[in-house]
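Student: One structure follows; several queries about it will come next.
Residue numbers (mature numbering (1 follows the signal peptide of the UniProt record, and there is no 0)): -39 to -1, 1 to 575.
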């Protein structure tokens, strides 16, 4: 339907004019201009024009106002609804239960208009300004911070394509809330938000509320269905949008070959309760944005590969990845995405790896993120997928968890900090050699740790780790209070290595050769054999259940040859060896300072020493 087609006027006059006769009430409104001056004067003074109404926006275009500030009420945007598709009609019926689908519930879009006699230039935008055949302008009455109902522009679940109408609504909005109706809103072209529009887009809910049903054809691969471009043309750039807000919508791509939401040069924006699903491209593409919040922004089944999307061997082959499901990047040299805060998001069933391709700046937070793909997916012959590909910048990941995905992070350069993120199965980490990346892992489950050849600080605290097998470790490296289920081994290290292994339980063996420099192991329990020879290293107070071998003379080894106990008398149970000692904690005159075991046994033979003079 052409929203601007003219048709016969459908004006209704108020009861005050019924006395003029049935014939007068049936006259077309367009004839009002030919009435006598006396009749026009009577209308003006009686206020009847304020009570005039018409059926729809098209009818309003055929009504010529008679005096400045004249008012008229439009009942609905359409007088006859567009024909719905079977899918749209089914949704509408289910949305309103057993009720008959009501025109006003789905249509709406009417309202109060007035005649602005001073405006000779404003264009008819189909919602806020309506221009008559004679060029007069009806304008919608708004006050203060009134929301812009998308229905004011004809947006409806029963339209075949809401793109043009929704585009008109957001073009007008500028810092006002554009409220989308409940239902399925089909769009067939990207909605482009103007530079610095400050738009606030709100729906009726991200699940079964407002669904933007995207059916965009080819040719828009680099654009978003909701497209917030920070530059128009090659040379024109904008500093960004003013407090952009999107909330309570569900964006379904139907594998349209475009991106879901494209955000460029944003600051102080907020996306909340948004679901982005099934795009053959990035669901969320963020280009040089900062100081912004993404609360419950879910991304399902998005991403683009040059291979076959239905095959995980292609989707998880990152050499074929064109668009990750979530992309954080910057098209401005020497500037990055800073202080982005993601919280309580679900990133699920995305068949393209990595899930998040991150090339950001400082202080970017991911709190309580849940990421997974179906355990029914056949991932044999693949790397198992990666959650974060970190090219640069800072990622701070806290809480949440990731299932099925095999690799937690693949780091080129930057700072990666993670705490209490549930890892099932235990995750691999990949770190590019020769950088100064800084890594902190707390309370997470990791698989086999191998390459940590970076000069930056690397800390593992309270982690469960299947195995540590280091090849050429370098820089500061610490394992504290970790449970290592297999062995801990190392090969040749860099000259600046400072490796600390403290208060860890190592269920397998330990092998640290002379070529791994400056290793300190203290207060650990080792379940199998130990070979220790670290140059300038130290083996201190550790409990070994297997054999101990000193592999070189370049290290310092302190073995506790005896048990050191405290008490008030020699022990009466337990096995003790020669040389074990008990120190008297309550010595007095005539008693011993302590006791020493002179013959092993249970409890062995104990003799007092250092008798105090009476």
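Glycine residues also receive a C-beta, built at the ideal position from the N, C-alpha and C atoms.
So what does residue 236 bridge to, in DSSP terms?
Tutor: For this step, residue 236 is matched to residue 275 along the chain shown. According to DSSP, which records beta bridges pairwise, residue 236 is partnered with 211, 259.
Student: Are the CB atoms of residue 408 and residue 387 within a distance shorter than 8 angstroms?
Tutor: On the chain shown, residue 387 is found 426 positions in, with the first residue counted as 1. On the chain shown, residue 408 is found 447 positions in, with the first residue counted as 1. In this structure, residue 408 lies closer than 8 angstroms to residue 387 by Cβ.
Student: How many angstroms separate the CA atom of residue 399 from the CA atom of residue 340?
Tutor: Here residue 399 is taken as the residue at index 438 of the chain shown, counted from 1. Here residue 340 is taken as the residue at index 379 of the chain shown, counted from 1. Near 31 angstroms, if we compare the C-alpha coordinates of residue 340 and residue 399.
Student: Just how far apart, CA to CA, sit residue 135 and residue 284?
Tutor: By 1-based counting over the chain shown, the position of residue 135 is 174. By 1-based counting over the chain shown, the position of residue 284 is 323. When rounded, the distance between both Cα atoms is 31 angstroms.
Student: When we look at the beta-carbon of residue 574 and count the other beta-carbons within 10 Å, is it buried (16 or more) or exposed?
Tutor: The residue given as residue 574 occupies position 613 in the chain shown. Residue 574 should be labelled exposed.
Student: Hey, residue 254 and residue 287: beta-carbon distance below 8 angstroms or not?
Tutor: Your numbering for residue 254 matches position 293 in the chain shown. Your numbering for residue 287 matches position 326 in the chain shown. Taking 8 angstroms as the Cβ cut-off, residue 254 and residue 287 do not qualify as a contacting pair.
Student: Pick from 404, 460, 325, 395: whose alpha carbon is nearest that of residue 362?
Tutor: The sequence position of residue 362 within the chain shown is 401, counting from 1. When only C-alpha atoms are compared, the closest one is 404.
Student: Specify the secondary structure class of residue 489 as computed by DSSP and reduced to three states.
Tutor: Here residue 489 is taken as the residue at index 528 of the chain shown, counted from 1. Collapsing the DSSP output to three states places residue 489 in coil.
Student: Check each candidate in 279, 229, 380, 412 and name the one with the smallest Cα separation from residue 392.
Tutor: Looking up residue 392 in the chain shown gives position 431. Considering only alpha carbons, the answer is 412.
Student: When you compare only the Cα positions, how much space is there between residue 527 and residue 483?
Tutor: Within the chain shown, the letter at position 566 stands for residue 527. Within the chain shown, the letter at position 522 stands for residue 483. Cα-Cα distance, rounded: 22 angstroms.
Student: Roughly how many angstroms lie between the CA atoms of residue 516 and residue 427, to the nearest whole one?
Tutor: Here residue 516 refers to the residue found at position 555 of the chain shown. Here residue 427 refers to the residue found at position 466 of the chain shown. Distance between the alpha carbons of residue 516 and residue 427: 27 angstroms.
Student: What distance in whole Å lies between the Cβ atoms of residue 24 and residue 18, which are believed to be in contact at a cut-off of 8 angstroms?
Tutor: Taking the first residue of the chain shown as 1, we reach residue 18 at position 57. Taking the first residue of the chain shown as 1, we reach residue 24 at position 63. At roughly 11 angstroms, the Cβ-Cβ gap does not stay under 8 angstroms, so residue 18 and residue 24 are not in contact.
Student: May I ask you to report which of helix, strand or coil DSSP gives residue 132?
Tutor: Within the chain shown, the letter at position 171 stands for residue 132. Residue 132 falls in the helix class under three-state DSSP.
Student: Can you tell which of 97, 130, 282, 209 has the C-alpha that lies nearest to the C-alpha of residue 169?
Tutor: Position 208 of the chain shown holds residue 169. Checking every option, the nearest Cα to that of residue 169 belongs to 209.
Student: Over what stretch of residues does the alpha helix (DSSP H) that includes residue 21 continue unbroken?
Tutor: Along the chain shown, one-based indexing puts residue 21 at 60. Taken as a continuous stretch (DSSP letters only), the alpha helix (DSSP H) holding residue 21 covers 18 to 21.
Student: When you compare only the Cα positions, how much space is there between residue 538 and residue 566?
Tutor: Within the chain shown, numbered from 1, the residue matching residue 538 stands at position 577. Within the chain shown, numbered from 1, the residue matching residue 566 stands at position 605. Each residue's Cα considered, the two are about 9 angstroms apart.
Student: If I measure Cβ to Cβ from residue 106 and keep anything under 6 angstroms in the same chain, skipping five residues before and after, which residues do I get?
Tutor: Stepping through the chain shown from its first residue, residue 106 is reached at position 145. Once the five neighbours on either side are set aside, residue 106 has no close Cβ partner at all.
Student: Checking the sheet assignment: what are the DSSP bridge partners for residue 377?
Tutor: For this step, residue 377 is matched to residue 416 along the chain shown. Paired residues: 356, 400.
Student: Excluding the 5 residues flanking residue 481 on each side, which residues of the same chain have their C-beta closer than 6 angstroms to its C-beta?
Tutor: In the chain shown, residue 481 corresponds to position 520, counting from 1. Hits under 6 angstroms: 461, 499.
Student: For a test of the three-state rule: what should DSSP assign to residue 570, helix, strand or coil?
Tutor: Within the chain shown, residue 570 is the residue found at index 609, counting from 1. The answer is strand: DSSP assigns residue 570 an E or B state.
Student: List, from N- to C-terminal side, the beta strand (DSSP E) runs of 3 residues or more that fit wholly inside the stretch 408 to 443.
Tutor: Counting only runs of 3 or more, we get 419 to 422, 425 to 431, 437 to 441.
Student: Let me know the secondary structure DSSP gives residue 127 once reduced to three states.
Tutor: Start at 1 with the first residue of the chain shown, and residue 127 comes out as number 166. Residue state, collapsed to three classes: helix.
Student: Mapping the DSSP letters down to three states, classify residue 112 as helix, strand or coil.
Tutor: Position 151 of the chain shown, counted from the first residue, corresponds to residue 112. Here residue 112 sits in helix by DSSP.
Student: Tell me whether the beta-carbon of residue 306 lies closer than 8 angstroms to the beta-carbon of residue 257.
Tutor: Sequence index remark: in the chain shown, residue 306 carries index 345 (1-based). Sequence index remark: in the chain shown, residue 257 carries index 296 (1-based). Yes, these two residues count as a Cβ contact at 8 angstroms.
Student: For residue 546, which residues of its own chain have a beta-carbon under 8 angstroms away from its beta-carbon, when the five flanking residues on both sides are left out?
Tutor: Taking the chain shown and counting its residues from 1, the one referred to as residue 546 is at position 585. Cβ within range, chain order: 527, 528, 529.
Student: Cα separation between residue 159 and residue 131?
Tutor: The count along the chain shown starts at 1 and reaches residue 159 at position 198. The count along the chain shown starts at 1 and reaches residue 131 at position 170. The straight-line gap from Cα to Cα measures roughly 10 angstroms.
Student: Could you tell me if residue 95 is buried or exposed, where buried requires 16 or more neighbouring beta carbons within 10 angstroms of its beta carbon?
Tutor: Translated into positions along the chain shown, residue 95 becomes position 134. So residue 95 counts as exposed.
Student: What separation, rounded to the nearest whole angstrom, lies between the Cα atoms of residue 52 and residue 112?
Tutor: For this step, residue 52 is matched to residue 91 along the chain shown. For this step, residue 112 is matched to residue 151 along the chain shown. Confidence is the limiting factor: at residue 52 the pLDDT is only 39, short of 50, which leaves the residue's position unreliable and the question unanswerable from this model.
Student: So what does DSSP say about residue 59, is it helix, strand or coil?
Tutor: By one-based count along the chain shown, residue 59 stands at place 98. With a pLDDT of 34 at residue 59, under the threshold of 50, the predicted position of this residue should be treated as unreliable, though the coordinate-derived value follows. Note: residue 59 maps to coil in three-state DSSP.
Student: Using a 10 Å radius around the Cβ and a threshold of 16 neighbouring Cβ atoms, would you call residue 370 buried or exposed?
Tutor: Taking the chain shown and counting its residues from 1, the one referred to as residue 370 is at position 409. The residue is buried, with at least 16 neighbouring Cβ atoms inside 10 Å.
Student: For residue 534 and residue 568, I'd like the C-alpha separation in whole angstroms.
Tutor: Position 573 of the chain shown, counted from the first residue, corresponds to residue 534. Position 607 of the chain shown, counted from the first residue, corresponds to residue 568. So the two alpha carbons sit approximately 15 angstroms from each other.
Student: Below 8 angstroms between beta carbons: does that hold for residue 422 and residue 451?
Tutor: As a working mapping, residue 422 is identified with position 461 in the chain shown. As a working mapping, residue 451 is identified with position 490 in the chain shown. It is not a contact, given that the beta carbons lie outside the stated cut-off.
Student: Which whole-angstrom value is the C-beta distance of residue 579 and residue 270, which I expect to be below 8 angstroms?
Tutor: This structure cannot speak to residue 579, because the chain is shown only from -39 to 575.
Student: What does the Cβ neighbour count give for residue 510, buried or exposed, with the cut at 16 atoms within 10 Å?
Tutor: Taking the first residue of the chain shown as 1, we reach residue 510 at position 549. Looking at its Cβ environment, which holds fewer than 16 other Cβ atoms inside 10 Å, residue 510 is exposed.
Student: Go through its chain and collect everything with a Cβ distance to residue 397's Cβ below 7 angstroms, but skip five positions before and after it.
Tutor: Within the chain shown, residue 397 is the residue found at index 436, counting from 1. Excluding sequence positions up to five before and after residue 397, its CB lies within less than 7 angstroms of the CB of 415, 416, 417, all in the same chain and listed in chain order.
Student: In chain order, what residues of the same chain lie with their CB nearer than 6 angstroms to the CB of residue 475, ignoring the 5 residues before and after it?
Tutor: Position 514 of the chain shown, counted from the first residue, corresponds to residue 475. If we look at residue 475 and ignore the five residues flanking it on each side, its Cβ neighbours are 494, 496, 513, 515.
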